[in-house]
Amino acid sequence: MVAGFNLLRTPRIYFGWKQSESVLGLIGRYGKRVLLVTGSASYTRNQGITEIITTLEKAGCIVHHARIESEPSPDDVDNTTGACRGQDIDLVLSIGGGSVIDAGKALSAMLPITDSIRDYLEGVGTKKHSGKRKFFVAVPTTSGTGSEATANAVISFTGKNGFKRSLRHENLVPDMAIVDPQLTLSCPPEITAASGMDAFTQLVESYLSVKANVLTDALALEGINQIHKNLLTVVRHGGDTEARTGMSLAALLSGITLANAGLGLIHGFASSIGGLHDIPHGTVCGTLMGVVNRYQVSALMRLSEVTAAHDKYEKLGRLFSGAEKKSPGWYMEYAVEYVETLTGQMNLKRLGDFGIKGSDLMAIAEITDHKSNPLHFEKEQLVEMMRERL
Ligand SMILES: [Fe+2]
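According to this note's numbering, the residues represented by the sequence shown are 64 to 453, in order.
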């Protein structure tokens, strides 16, 4: 029998090559005073931004432009909402990577209120956001976080007492997501690899999650299939339009599955490590993806009963290998080998490249949350996992 479930609404999704060219011209229907949020990436800096502003102005919009240079901090959000007071903004449009979309999502939620965003961050503030916000449109230019379909915005404060926490409410799912793979063409190989591994991690973790359901499983498997077919190609041949399209779909699906099924231990590490050290989110996820999955499958092999996670790793092994008539254990081990090989091919930096030392690892393990992971590990095991990727 199919187990019961509920699913968040998704944005109105426009997906496809060059979709943004026509759809951006329709934005004026939803609001005339637009807060446009972009990053410092080459796409918005060099090629598209003037045309986008022209398109919006032709549609009758008045554009206020804000740039977010890196993962948004509480001050970034508070300062931008402060600067926008009196502008009577009625629509926020984010065009950029995950940080830019998270920033726009947070701004759309904070524009109607005057408090600092710190007051509403999970584990930091004490107030609950009402969910009331400005109309929000997300246009990703990388294939990674899936933030165009999620209900949270990640806000970072790095350093001693640093944190990486979410502003979360089910109403924060964007109203509209314009997913145009053409916009990802200029994404450089290193960012393509890290963000692609983020999407891969999100798909696998939401698939294995204890909160997964029949719909998130179907979407996660299709996303993982797209990663399997396209991630290595897109890192080596960034101009491959078919591979770029597959990765845009994988990232979008990862956003829908993580918003509904949650994430696992690797994203627990991404929060704890990312709060203490200035390390890109996709790099933490990607660098730990192989080792954490190896520990998981080893632990599952030692269990006497067969769990849902056994079955799911077996299905992943079937998908990755294409092989038939192998034993369940063979497929599970193949799944891990595949993930470790792909992680190696991404040539991602290691934790030590960002100044993390062996003596830091226990403190990180102490504050690492397992989220919706199907297995629980002792702190010493968490340290061992990180040490392998120092
Ligand atoms: Fe992620």
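For glycine and all other residues, C-beta sits at the position ideal for the given N, C-alpha and C.
Give me the DSSP bridge partner(s) of residue i.
{"i": "residue 101", "result": "130, 158"}
{"i": "residue 198", "result": "154"}
{"i": "residue 226", "result": "220"}
{"i": "residue 140", "result": "None, per the DSSP bridge assignment."}
{"i": "residue 290", "result": "Per DSSP, none; premise fails for residue 290."}
{"i": "residue 299", "result": "According to DSSP, which records beta bridges pairwise, residue 299 is partnered with nothing at all."}
{"i": "residue 125", "result": "96"}
If you reduce the DSSP assignment to three classes, tell me which class residue i lands in.
{"i": "residue 449", "result": "helix"}
{"i": "residue 203", "result": "strand"}
{"i": "residue 236", "result": "coil"}
{"i": "residue 272", "result": "coil"}
{"i": "residue 77", "result": "strand"}
{"i": "residue 187", "result": "coil"}
{"i": "residue 381", "result": "helix"}
{"i": "residue 369", "result": "coil"}
{"i": "residue 440", "result": "coil"}
{"i": "residue 219", "result": "strand"}
{"i": "residue 68", "result": "coil"}
{"i": "residue 30", "result": "Not covered by the structure: residue 30. The range shown for the chain is 64 to 453."}
{"i": "residue 241", "result": "strand"}
{"i": "residue 307", "result": "helix"}
{"i": "residue 112", "result": "helix"}
{"i": "residue 418", "result": "coil"}
{"i": "residue 181", "result": "helix"}
{"i": "residue 148", "result": "coil"}
{"i": "residue 327", "result": "coil"}
{"i": "residue 493", "result": "Here the chain covers residues 64 to 453 and nothing more, so residue 493 does not appear."}
{"i": "residue 387", "result": "coil"}
{"i": "residue 258", "result": "helix"}
{"i": "residue 174", "result": "coil"}
{"i": "residue 280", "result": "helix"}
{"i": "residue 430", "result": "coil"}
{"i": "residue 412", "result": "coil"}
{"i": "residue 214", "result": "coil"}
{"i": "residue 407", "result": "helix"}
{"i": "residue 248", "result": "coil"}
{"i": "residue 193", "result": "coil"}
{"i": "residue 334", "result": "helix"}
{"i": "residue 350", "result": "helix"}
{"i": "residue 435", "result": "coil"}
Check each candidate in the options and name the one with the smallest Cα separation from residue i.
{"i": "residue 206", "options": "168, 112, 159", "result": "159"}
{"i": "residue 91", "options": "122, 383, 102, 379", "result": "122"}
{"i": "residue 71", "options": "233, 223, 128", "result": "233"}
{"i": "residue 135", "options": "169, 403, 241, 398", "result": "169"}
{"i": "residue 401", "options": "131, 111, 381, 418", "result": "381"}
{"i": "residue 177", "options": "186, 162, 164, 195", "result": "195"}
{"i": "residue 247", "options": "172, 125, 213, 258", "result": "258"}
{"i": "residue 152", "options": "131, 417, 99", "result": "99"}
{"i": "residue 226", "options": "237, 188, 379, 262", "result": "188"}
{"i": "residue 455", "options": "230, 297, 312, 304", "result": "As shown, the chain starts at 64 and ends at 453. That puts residue 455 outside it, with no answer to give."}
{"i": "residue 231", "options": "285, 325, 299", "result": "325"}
{"i": "residue 125", "options": "115, 406, 162, 342", "result": "115"}
{"i": "residue 164", "options": "140, 181, 185, 183", "result": "140"}
{"i": "residue 129", "options": "171, 88, 93", "result": "171"}
{"i": "residue 405", "options": "373, 192, 173, 356", "result": "356"}
{"i": "residue 261", "options": "317, 442, 64, 390", "result": "317"}
{"i": "residue 102", "options": "157, 117, 119", "result": "157"}
{"i": "residue 295", "options": "329, 407, 118, 96", "result": "407"}
{"i": "residue 119", "options": "131, 353, 93", "result": "93"}
{"i": "residue 84", "options": "238, 244, 423", "result": "244"}
{"i": "residue 332", "options": "281, 304, 228", "result": "228"}
{"i": "residue 342", "options": "411, 263, 215, 285", "result": "411"}
{"i": "residue 76", "options": "424, 290, 236", "result": "236"}
{"i": "residue 65", "options": "78, 193, 279", "result": "279"}
{"i": "residue 409", "options": "211, 446, 351", "result": "351"}
{"i": "residue 73", "options": "211, 117, 174", "result": "211"}
Review point. Okay, do the region 331-348 and the region 360-371 touch, 3+ Cβ pairs below 8 Å being the bar?
Key: no
**Study point:** Stretch-stretch touch, CB-based, cutoff 8 Å, three pairs: the region 241-252 with the region 351-364
**Key:** no
Check your understanding: Are the region 265-274 and the region 319-339 touching by the rule of at least three beta carbon pairs closer than 8 Å?
Key -> yes
Point to revise | the region 328-343 contacting the region 211-221, beta-carbon criterion three pairs below 8 Å | key: yes
Exercise for review: Answer yes if the region 130-148 comes into contact with the region 198-205, meaning at least three C-beta pairs across the two stretches below 8 Å, and no otherwise.
Suggested key: no
Exercise for review: Specify whether the region 418-437 and the region 391-398 touch according to this definition: at least 3 beta carbon pairs, one from each stretch, less than 8 Å apart.
Suggested key: no
Check your understanding: Okay, do the region 381-391 and the region 440-453 touch, 3+ Cβ pairs below 8 Å being the bar?
Key -> no
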